[in-house]
Each structure stands twice: as C-alpha cells, then as structure tokens.
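Quick notes on the structure that follows.
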Amino acid sequence: MLINNLAFEWLILLALVMTCLAPVLLLGLFIKDFISKTIW
16 MLINNLAFEW
26 LILLALVMTC
36 LAPVLLLGLF
46 IKDFISKTIW
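Okay, so the sequence shown: first residue is 16 according to the working numbering, each after it adds one.
The following block contains the structure:
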C-alpha cells in the first residue's frame, strides 16, 4: 500500500514537471530557431 501510494505521488509529480517543462522547452526551441534565422 505504501509503495503504491509513493509511486502514485511520483507519477503525479512527474506529470506536473513534464506539463511545466514542455511549454518551456518548446518556447526555448522556438526562440533558438528564431535567433539562428535572425543571425544568419
């Protein structure tokens, strides 16, 4: 019971982190692409 509960909490935490990081990564890639196009 304890292990399942802990795993469930880790799953929620991982999902939250991924949800927060996904837009940041996409934005970072977009800005990087935009800067490289502007410079070259």
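All residues carry an ideal CB built from backbone N, CA and C; glycine is no exception.
query	result
Length of the line joining the Cα atoms of proline 38 and aspartate 48	15 Å
Rounded C-alpha distance that separates leucine 31 from lysine 52	32 Å
Alpha-carbon to alpha-carbon, phenylalanine 23 and leucine 44	31 Å
Whole-angstrom distance between leucine 36 and isoleucine 46, CA atom to CA atom	15 Å
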